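In the order they appear, the protein sequences are chains A and B.
Using our numbering, the first residue of the first sequence is number 1, and each one after it goes up by one.
Using our numbering, the first residue of the second sequence is number 1001, and each one after it goes up by one.
See below for the structure under consideration.
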Amino acid sequence: SAVISQKPSRDICQRGTSLTIQCQVDSQVTMMFWYRQQPGQSLTLIATANQGSEATYESGFVIDKFPISRPNLTFSTLTVSNMSPEDSSIYLCSVRGQANTEAFFGQGTRLTVV
Amino acid sequence: DQQVKQNSPSLSVQEGRISILNCDYTNSMFDYFLWYKKYPAEGPTFLISISSIKDKNEDGRFTVFLNKSAKHLSLHIVPSQPGDSAVYFCAASGRGVTSGSRLTFGEGTQLTVNP
């Protein structure tokens, strides 16, 4: 199992500003994942963060809007840049050791953009 | 393209009865399926999973059934308890180093268990 600490747990931000979300894992993992859950919707994968290489972004998500850092095997950050009200969502960090095992999630960051 | 679908946004059952949550998928490359429970203001919590080589997996009150030919899986909770009230997400993953690690989620079903 893995324990994931994610912060902040919530924030209210002005449009046009940026917010950086931090994710700390209690063990070393190769891949970390960032998801978004818009109100009333499913969890959508934003990107996969690999240590030592560029993050891999899913269709519809770009690095300029969601830059990701992965400085080591236990830590990652996701920045939501130039925010608009449409970015109001829950953002979740996740890790999964290997295929055919469960994934673990942080408690999420509830972002409201006004 | 929604590859994992949960067609019922909500389900309400009486305490002590069975809850059945359904999930359909379209991608035949999916070979591992998971159910998560999510309370408000918390991250999803893993409940139970099943590999495509099985058709049933049981863990206490929770049983997951997989029908590969129909590309359908279901989660049975027996007996249902008020503390089970939460949003339940179905998720799937495929083969390969990358696709085997990423999860594709359904839209979720809000389960309400009434005392």
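Backbone N, C-alpha and C fix where the C-beta goes; we use that ideal spot for every residue, glycine too.
Note that the structure is predicted; figures quoted are calculated from it, not measured.
Can you list, in chain order, the residues of its chain with a C-beta nearer than 6 Å to that of residue i? Leave out the 5 residues immediately preceding and following it.
i       : result
B/S1010 : Q1110
B/Q1014 : N1114
A/A49   : M32, A55, I68, R70, S76
B/L1075 : L1021, W1035, V1064
B/K1037 : T1045, L1047, A1086, Y1088
A/Q22   : K7, T77
Name the DSSP bridge partner or partners of residue i?
i       : result
A/D11   : A/L111
B/N1067 : B/H1072
B/I1077 : B/S1019, B/F1062
B/N1057 : B/V1064
A/Y91   : A/R36, A/T109
B/S1051 : B/Y1032
A/S146  : Lying outside 1 to 114, the shown extent of chain A, residue 146 of chain A is not represented and no answer is given.
B/Q1014 : B/N1114
A/L19   : A/V80
B/S1101 : For B/S1101, which the question treats as bridged, DSSP gives no partner whatsoever.
A/F75   : A/Q24, A/N72
B/S1093 : B/Y1032
Just how far apart, CA to CA, sit residue i and residue j?
i       : j       : result
B/L1047 : B/L1034 : 7 Å
A/Y91   : A/T20   : 11 Å
B/S1052 : B/H1072 : 11 Å
B/R1095 : B/F1030 : 7 Å
B/N1158 : A/E86   : Lying outside 1001 to 1115, the shown extent of chain B, residue 1158 of chain B is not represented and no answer is given.
A/Y35   : A/E58   : 10 Å
A/M83   : A/R15   : 5 Å
B/I1120 : A/Q51   : Any answer about residue 1120 of chain B is impossible in this case: the structure gives chain B only from 1001 up to 1115.
A/Q41   : B/S1093 : 19 Å
B/A1041 : B/N1007 : 24 Å
B/L1106 : A/N72   : Leu is not the amino acid found at residue 1106 of chain B; the sequence shown has Gly there. For B/G1106 and A/N72, the distance between alpha carbons rounds to 31 Å.
A/Q107  : B/D1055 : 31 Å
A/I12   : A/R96   : 29 Å
B/P1082 : A/D64   : 44 Å
B/S1049 : B/G1060 : 13 Å
B/A1091 : B/T1104 : 5 Å
A/T109  : A/S18   : 14 Å
B/G1026 : B/V1004 : According to the sequence provided, residue 1026 of chain B is Thr. The question's Gly does not apply to it. Straight-line Cα distance between these residues: approximately 7 Å.
B/P1079 : B/E1058 : 13 Å
For residue i, which residues in chain B fall below 9 Å Cβ to Cβ?
i     : result
A/Q41 : E1107, G1108
A/R70 : Within 9 Å Cβ-Cβ: nothing; A/R70 doesn't reach chain B, min ~15 Å.
At a CB-CB cut-off below 8 Å, which residues of chain A make contact with residue i?
i       : result
B/Y1088 : The contacting residues do not exist; B/Y1088 stays about 12 Å from chain A at best.
Which residues in chain B sit within 7 Å of residue i, going by Cβ to Cβ distance?
i      : result
A/E102 : L1034, F1046, S1049
A/M31  : S1101
A/R96  : S1101
Report the neighbours of residue i on chain A: residues whose CB is nearer than 9 Å to its CB, in chain order.
i       : result
B/E1015 : Chain A residues near B/E1015: none, gap ~26 Å exceeds 9 Å.
Might you give, ordered along the chain, the residues of its own chain that have their beta carbon closer than 7 Å to the beta carbon of residue i, omitting 5 neighbours on each side?
i       : result
A/P67   : T79, S81
A/L43   : Y35, Q37, L92
A/F61   : I46, A47
B/D1001 : none
A/T101  : none
Can you pull the chain A residues whose beta carbon is under 7 Å from the beta carbon of residue i, in chain order?
i       : result
B/G1043 : L92, F105, G106, Q107, G108
Given that residue i touches chain B, what residues does it touch there, using C-beta distances under 8 Å?
i     : result
A/L45 : R1102, L1103, T1104
Excluding sequence positions up to five away, which residues of its chain have a Cβ less than 8 Å from the Cβ of residue i?
i      : result
A/T74  : Q24, V25, D26, S27, Q28, V29
A/T112 : R10, D11, I12, C13, S88
A/A103 : F33, S94, V95, R96
A/S1   : F104
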